[in-house]
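What follows is a short report on a single structure.
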């Protein structure tokens with residue numbers, strides 16, 4: 012099996028986790044376990060696989076592995092945050108959020124040049140950064156068959172982007188709640204993909220601010236209102252558009268239930 016075919020299978024499993032994800036500890040633990048299995052399978056494949064050339068190796072260590080590994084890092088940290096939050100009061104949670112944000116900022120400052128290289132889409136140092144035979148100064152314990160060091164840094168950059176959005180959402184949610192006791196606000200308990208479908212439908216219909224409200228603004232309001240983190244909602248919507256089971260399943264269900272009430 013070639014590298015692209017194998018990695019696409021792993022990415023499909025990753026997308027299924029993202030689409031059906033939940034913010035409770037049990038679901039997060041299962042997601043983390045699945046991502047750990049995916050990384051393990053990726054490692055086993057890489058050890059046996061012989062890259063055709065440097066370009067293919069760069070593609071793997073720059074475009075494929077970091078994306079998958081970033082999801083593992085993201086779910087791991089998110090699980091830690093949820094576990095911490097489940098035992099702490101509002102003040103302690105807020106202090107922890109800002110502590111994590113400071114660490115993300117410190118990592119960005121420490122690796123500013125590499126951040127700029129990756130975010131600008133540069134490629135002139137790809138052979139140096141993303142091939143194993145040119146990697147030097149490997150940290151003790153690093154598996155040289157599965158890492159160039161910089162692929163891990165890139166994975167952390169990607170995971171930090173997701174984590175920053177999650178923490179900012181958590182901060183808004185914590186500020187929104189005026190009490191440490193259970194809130195009286197509604198919580199979205201259906202699948203996130205259903206809420207994304209609803210939001211896109213409302214945005215397309217132009218029912219907010221005379222059609223002038225942008226999608227991000229609507230998403231933020233729904234996230235705060237229903238205590239949910241929709242993550243990469245644009246990617247979820249892309250998957251809705253191509254799914255074979257129907258593109259508006261939740262809206263069809265709403266119509267059916269409403270007609271049942273009317274009758």
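Residue numbers (my numbering): 12 to 274.
C-beta: ideal position from N, C-alpha, C; glycine also.
- Nearest to residue 248 by alpha-carbon distance, out of 27, 110 and 15, is 27.
- Distance from the CA atom of residue 79 to the CA atom of residue 181, rounded to whole angstroms, is 24 Å.
- For the pair residue 162 and residue 77, the CB atoms are nearer than the 7 Å cut-off.
- Residue 133 and residue 75 do not touch by the CB rule: their CB atoms are close to 18 Å apart, not below 8 Å.
- Under the three-pair Cβ rule at 8 Å, the segment 173-180 counts as touching the segment 228-248.
- Between residue 157 and residue 266, the C-beta spacing is not below 7 Å.
- Rounded to the nearest angstrom, the gap between the Cα atoms of residue 264 and residue 35 is 25 Å.
- In the three-state reduction of the DSSP assignment, residue 18 falls in the helix class, which pools H, G and I.
- The segment 173-243 contains, as complete alpha helix (DSSP H) runs of 4+ residues, the segments 203-216 and 226-237 (chain order).
- Within its own chain, the residues whose Cβ lies closer than 7 Å to the Cβ of residue 47, once the five positions on either side in sequence are excluded, are 83, listed in chain order.
- A straight-line Cα-Cα distance of about 28 Å links residue 246 and residue 268.
- Using a Cβ-Cβ distance cut-off of 8 Å, the segment 210-219 and the segment 228-238 are in contact, since at least three pairs of beta carbons, one from each stretch, lie closer than that value.
- Contact annotation: residue 81 and residue 197 have beta-carbon atoms that are not nearer than 7 Å.
- Scanning the segment 55-94 for uninterrupted alpha helix (DSSP H) segments of 4 residues or longer gives 65-70, listed from N- to C-terminal end.
- Comparing alpha carbon positions, the residue from 228, 143, 226 and 223 closest to residue 65 is 143.
- C-alpha of residue 217 to C-alpha of residue 224: approximately 8 Å in a straight line.
- In this structure, residue 141 and residue 37 do not form a Cβ contact; the two beta carbons are roughly 36 Å apart against a cut-off of 8 Å.
- In the displayed model, residue 96 falls within a helix according to three-state DSSP.
- Annotation: the continuous alpha helix (DSSP H) that includes residue 126 extends over 123-130.
- Around the beta carbon of residue 166, 16 or more other beta carbons lie within 10 angstroms, which makes this residue buried.
- Put simply, the backbone Cα of residue 94 is about 46 Å away from that of residue 274.
- With a threshold of 16 other beta carbon atoms within 10 Å, residue 21 meets it and is buried.
- Residue 86 and residue 201 have their C-alpha atoms spaced approximately 20 Å apart.
- Residue 122 and residue 171 have their alpha carbons spaced roughly 13 Å apart.
- For residue 273, the uninterrupted alpha helix (DSSP H) segment begins and ends at 260-273.
- Excluding the 5 residues flanking it on each side, residue 185 has same chain C-beta neighbours closer than 7 Å at 101, 104 and 105, in chain order.
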